[in-house]
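Student:
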Ligand code: HEM
Ligand SMILES: [Cu+2]
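Residue numbers (this note's numbering), protein chains in the order written: chain A, 105 to 669; chain B, 293 to 490.
#1: Below 7 Å CB to CB, which residues in the same chain sit around residue 588 of chain A once its five sequence neighbours on both sides are set aside?
#2: Out of A/393, A/317, A/134, A/401, which has the shortest C-alpha to C-alpha gap to residue 666 of chain A?
#3: Compute the minimum distance between the beta carbon of residue 431 of chain A and the heavy atoms of ligand 2, and state whether it is under 7 Å.
#4: Anything in chain A within Cβ reach of residue 312 of chain B, meaning under 9 Å, just list it in chain order.
#5: Of all the alpha helix (DSSP H) runs that stay within the bounds of the stretch 306-347 of chain B, which reach a length of 4 or more residues?
#6: As a quick exercise: from A/358, A/328, A/451, A/489, pick the residue whose alpha carbon is nearest that of residue 303 of chain A.
#7: Around the C-beta of residue 226 of chain A, are 16 or more other C-beta atoms found within 10 angstroms, so that it is buried, or is it exposed?
#8: Could you say which of A/508, A/259, A/232 lies nearest to residue 299 of chain A if we only look at CA atoms?
#9: Using a Cβ cut-off of 8 Å, which residues of the stretch 351-367 of chain A contact any Cβ in chain B, in chain order?
#10: Quick one: does the C-beta of residue 660 of chain A sit closer than 7 Å to a heavy atom of ligand 2?
#11: If you draw a straight line from the alpha carbon of residue 344 of chain B to that of residue 423 of chain B, how long is it in whole angstroms?
#12: Is the beta carbon of residue 211 of chain A sitting closer than 8 Å to the one on residue 245 of chain A?
#13: Contact criterion: CB-CB distance below 8 Å. Does residue 345 of chain B meet it with respect to chain A?
#14: The alpha helix (DSSP H) spanning residue 464 of chain B covers which residue range?
#15: Is the separation between the beta-carbon of residue 569 of chain A and that of residue 513 of chain A shorter than 8 Å?
#16: Chain B partners of residue 333 of chain A, CB-CB under 7 Å?
#17: In chain order, what residues of the same chain lie with their CB nearer than 7 Å to the CB of residue 351 of chain B, ignoring the 5 residues before and after it?
#18: At the 8 Å Cβ level, is residue 340 of chain A part of the contact set with chain B, yes or no?
#19: Quick check: is any heavy atom of ligand 2 less than 7 Å from the C-beta of residue 380 of chain A?
#20: Is the closest heavy atom of ligand 2 to the C-beta of residue 426 of chain A under 7 Å?
#21: Distance check for residue 161 of chain A and residue 195 of chain A, CA to CA, integer angstroms please.
#22: Less than 8 Å between the beta carbons of residue 335 of chain A and residue 379 of chain A, yes or no?
#23: Please return the same chain residues whose Cβ sits closer than 6 Å to the Cβ of residue 456 of chain B, not counting the five positions on each side in sequence.
#24: Between which residues of its own chain and residue 468 of chain A is the CB-CB distance below 6 Å, once the five residues before and five after are set aside?
#25: CB of residue 423 of chain A to nearest heavy atom of ligand 2: below 7 Å?
#26: Consult DSSP for residue 276 of chain A and reduce its assignment to one of helix, strand or coil.
#27: Relative to ligand 2, is the shortest distance from any of its heavy atoms to the C-beta of residue 377 of chain A smaller than 7 Å?
#28: How would you list, in chain order, the residues of chain B whose beta-carbon sits under 7 Å from the beta-carbon of residue 371 of chain A?
#29: So, helix, strand or coil for residue 506 of chain A, using DSSP?
#30: Expressed to the nearest angstrom, what Euclidean distance is found between the alpha-carbon atoms of residue 328 of chain B and residue 342 of chain A?
#31: May I ask you to report which of helix, strand or coil DSSP gives residue 373 of chain B?
#32: If you measure between the beta carbons of residue 605 of chain A and residue 549 of chain A, is that distance less than 8 Å?
#33: According to the neighbour-count rule (16 or more other Cβ atoms, all chains shown, within 10 Å of its Cβ), is residue 340 of chain A buried or exposed?
#34: Quick one: what does DSSP say residue 574 of chain A is sitting in, helix, strand or coil?
#35: So residue 474 of chain B and residue 440 of chain B are in contact, right, with Cβ under 8 Å, and what is the actual spacing, rounded?
#36: Less than 8 Å between C-beta atoms, sequence neighbours within five positions excluded: which residues of the same chain meet that for residue 612 of chain A?
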């Protein structure tokens, strides 16, 4: 009888008895995956693809850190070092950060809003393949040029590819072309996926899922998706201009013909700054789902969380030139960007306080997802503080281009975003595979990661303050930088080991992990109401929701949430 | 767990969601607008910055006729959809064909303008910053016109072969959103390039 009221309770109607399926041939499996339009498979492909690049980008980071561990090192040549940091930055931002977040979005959004698939499944597959092709294209640049050890003719212009370094005269050959093309293609893929996610959230919610009842994760993906069209499109436009400059001899960024290098900086950072938020908002989204479940409390201040997210989305579009304080924009512009940057700490602060309030007085379970979330909270706070320091223009003049900046943004990228990505893996892995990840390995992963992270990036601030510039391939002894660089490099190796433990855990638990069941964490959102892994149609009957925590209502019919909202 | 009946919450209303075609097109238009904004900004930024001639004042002429054609094609397309809604298939095809012709006239106009600029005035994308920004901005718009025209022609072929009924009016709505957007962009390009830029 309950079934007629809440479609959810028919969860049990799905037949979960294992059926012996005939074994598929490898080619059949491959064909299935390559031609799939199922949002879950595409999500998993995104995730697999970005994990591959995480390992590649990590190797590049280690190469850089070996080179910088001691002064006067000759592990790699200056040319290779340039290629390493270019590939590392580009890979981590475009082929790890974005795809992994889109992967989770693809997988989770339809499940959490009670839909059967994305709004445009075929566009979804197209976007994935074009992004993936973009990623591989960057590495095709290895083929040719000066051979593999010299990293071929890989791009060496830095991940922001400042003009006029990218002009034909300064980067002959095709390395920069590979870079532009790969960014252009993956950008088109990102726009496609973002569009799909936004339309899915707006148009595919199950009955009863009003906007103010959506899980916060969907809210954040809605904001992220919209930011992608507004921020990644300018990057696409700028790449088109750069390609025109390189191929048909136009003069957008050609200073010899009156073109402007500053214009490229603006265009790049109009994308580049919001991009940081495009990466961090999904991390917030994971925190919003994980922290309440592991504190056994509903999220504190749902409306404030939504407002803060939308606020961050808007404000982040107006702060890009804090990356350009040192180019001489003039006092007026600097003041504007100093203040707009500082304003962004208001909604961010609201979020941090709401998370703390959610944890406060809760029954906390320190399983791996929660451990990583707590790490995230602390590290994100510190990253925010160095960010505010850098938003003061005179301070920035001293430290821009130094290791201090590198430490700051890695605090966000690794300390906050990567930590939340790990948390999300531990949290949703049972849903996607039907098995739990090993908690023991998870703890090892977490503690090694924390130790390695703080060794690397806490100490990286110091040589920065002592004047060590970023992007130098080696340095003189006797400036007080040696010891810090050594510690930083050791920390990087520890992080690498932690990551390998994680990857091992992923593979190992797939075969040996404990069987998870539908709802291992006793959670409240819709994805936990269906089987693990979910069947291809997600839900046997379309769910109907009446509150923000539909599974809570089913588990506690005597005290449903809608009495409080 | 679900044996206790659930009292539905009283505030439930009928469940209607926006249409995904329309929302999808709206999102696409936002993304495309962002691309156009960057090109327009570049155009304005480099206005009068060319180190050598020719300047816009020397070579550009106001494309009044083709502009009128393009803008009126938005109306003809609108009438086509209205006719389709009322199941007047003949009128639909006629209005749609007019739209295609008007769009094509606009494109031919652009082609002739470019031919003149390149072979008579010697302005190419390489000549100076004006050439760079002019061809890329106007070219970007023309590309959108071409894409729109291809889709309209496809619709026209389906219409003429009798595959279109009033059930498809909604799809034509989505398509016409795109076409109206292309027209609106032209208003901006026209103002910036031909009015302010001269
Ligand atoms: C986990 C260990 C990591 C280590 C040890 C590491 C190390 C480094 C190093 C040494 C540099 C070059 C700094 C310089 O010489 O200027 C760098 C740059 C960079 N990294 Fe990482 N990184 C790590 C992870 C990540 C992740 C996860 C991301 C993004 C999601 C990321 C994004 C970047 C970016 C955007 C740059 C700037 C590249 C440039 O200066 O051109 N890194 N990293
Ligand atoms: Cu920024």
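Cβ coordinates follow ideal geometry from the N, Cα and C atoms, glycine included.
Tutor: On the basis of the supplied data:
#1: Mapped onto the first chain, residue 588 of chain A falls at position 484. So the list reads 563, 566, 567, once near-sequence residues are dropped.
#2: Working through the first chain from its first residue, we reach residue 666 of chain A at position 562. The candidate whose alpha carbon is nearest that of residue 666 of chain A is A/317.
#3: Position 327 of the first chain, counting from 1, holds the residue named residue 431 of chain A. No, the Cβ of residue 431 of chain A stays beyond 7 Å of every heavy atom of ligand 2.
#4: Taking the first residue of the second chain as position 1, residue 312 of chain B is located at position 20. Neighbours of residue 312 of chain B on chain A, chain order: 223, 224, 303, 304, 306, 307, 308.
#5: 312-337
#6: Against the first chain, residue 303 of chain A aligns to sequence position 199. Nearest of A/358, A/328, A/451, A/489 to residue 303 of chain A, Cα basis: A/328.
#7: Taking the first chain and counting its residues from 1, one reaches residue 226 of chain A at position 122. With fewer than 16 other Cβ atoms within 10 Å, it is exposed.
#8: Translated into positions along the first chain, residue 299 of chain A becomes position 195. Checked all of A/508, A/259, A/232; the closest Cα to residue 299 of chain A is A/232.
#9: 352, 353, 354, 355, 356, 361, 362, 363, 364, 367
#10: For the purposes of this step, residue 660 of chain A is taken as residue 556 along the first chain, with counting starting at 1. Incorrect: residue 660 of chain A has no Cβ contact closer than 7 Å to ligand 2.
#11: Mapped onto the second chain, residue 344 of chain B falls at position 52. Mapped onto the second chain, residue 423 of chain B falls at position 131. The alpha-carbon atoms of residue 344 of chain B and residue 423 of chain B are separated by roughly 10 Å.
#12: Counting from 1 along the first chain, the entry for residue 211 of chain A is found at position 107. Counting from 1 along the first chain, the entry for residue 245 of chain A is found at position 141. It is not a contact, given that the beta carbons lie outside the stated cut-off.
#13: Position 53 of the second chain, counting from 1, holds the residue named residue 345 of chain B. Chain A, which has no Cβ nearer than 8 Å to the Cβ of residue 345 of chain B, makes this no.
#14: Translated into positions along the second chain, residue 464 of chain B becomes position 172. From DSSP, the alpha helix (DSSP H) with residue 464 of chain B extends over 461-481.
#15: For the purposes of this step, residue 569 of chain A is taken as residue 465 along the first chain, with counting starting at 1. For the purposes of this step, residue 513 of chain A is taken as residue 409 along the first chain, with counting starting at 1. Cβ atoms of residue 569 of chain A and residue 513 of chain A: not closer than 8 Å.
#16: Numbered from 1 along the first chain, position 229 holds the residue referred to as residue 333 of chain A. Simply 319, 322, 323, 326.
#17: Position 59 of the second chain, counting from 1, holds the residue named residue 351 of chain B. Hits under 7 Å: 409, 413, 415.
#18: As a position in the first chain, residue 340 of chain A is number 236, starting the count at 1. Cβ-Cβ to chain B under 8 Å: yes for residue 340 of chain A.
#19: Position 276 of the first chain holds residue 380 of chain A. Because some heavy atom of ligand 2 lies under 7 Å away, the Cβ of residue 380 of chain A counts as near it: yes.
#20: Here residue 426 of chain A refers to the residue found at position 322 when the first chain is read from its first residue. True, at least one ligand heavy atom lies under 7 Å from that Cβ.
#21: Here residue 195 of chain A refers to the residue found at position 91 when the first chain is read from its first residue. Here residue 161 of chain A refers to the residue found at position 57 when the first chain is read from its first residue. When rounded, the distance between both Cα atoms is 6 Å.
#22: In the first chain, residue 335 of chain A corresponds to position 231, counting from 1. In the first chain, residue 379 of chain A corresponds to position 275, counting from 1. Yes, they are a contact pair.
#23: Position 164 of the second chain, counted from the first residue, corresponds to residue 456 of chain B. Cβ within range, chain order: 450.
#24: Residue 468 of chain A sits at position 364 when you count from the first residue of the first chain. Correct list, in chain order: 399.
#25: Along the first chain, read from residue 1 onward, the residue named residue 423 of chain A stands at position 319. Within the cutoff, so yes.
#26: Reading the first chain from its first residue, position 172 is the one you call residue 276 of chain A. If DSSP states are grouped into helix, strand and coil, residue 276 of chain A belongs with coil.
#27: For this step, residue 377 of chain A is matched to residue 273 along the first chain. The answer is yes for residue 377 of chain A.
#28: Taking the first chain and counting its residues from 1, one reaches residue 371 of chain A at position 267. Those are 330, listed as they occur along chain B.
#29: If you number the first chain from 1, residue 506 of chain A lands on position 402. The answer is strand: DSSP assigns residue 506 of chain A an E or B state.
#30: One-based indexing of the second chain puts residue 328 of chain B at position 36. One-based indexing of the first chain puts residue 342 of chain A at position 238. If I take the Cα positions, the gap works out to 11 Å.
#31: Position 81 of the second chain, counted from the first residue, corresponds to residue 373 of chain B. DSSP places residue 373 of chain B in helix when its eight states are reduced to three.
#32: Along the first chain, read from residue 1 onward, the residue named residue 605 of chain A stands at position 501. Along the first chain, read from residue 1 onward, the residue named residue 549 of chain A stands at position 445. Their beta carbons are under 8 Å apart, which means residue 605 of chain A touches residue 549 of chain A by this criterion.
#33: Here residue 340 of chain A corresponds to residue number 236 of the first chain, with the count starting at 1. Buried, since its Cβ has 16 or more Cβ neighbours within 10 Å.
#34: By 1-based counting over the first chain, the position of residue 574 of chain A is 470. Of the three classes helix, strand and coil, the one that applies to residue 574 of chain A here is coil, per DSSP.
#35: Counting from 1 along the second chain, the entry for residue 474 of chain B is found at position 182. Counting from 1 along the second chain, the entry for residue 440 of chain B is found at position 148. Confirmed, about 5 Å.
#36: What you label residue 612 of chain A is simply residue 508 of the first chain in a count that begins at 1. Only 542, 545 meet the Cβ criterion.
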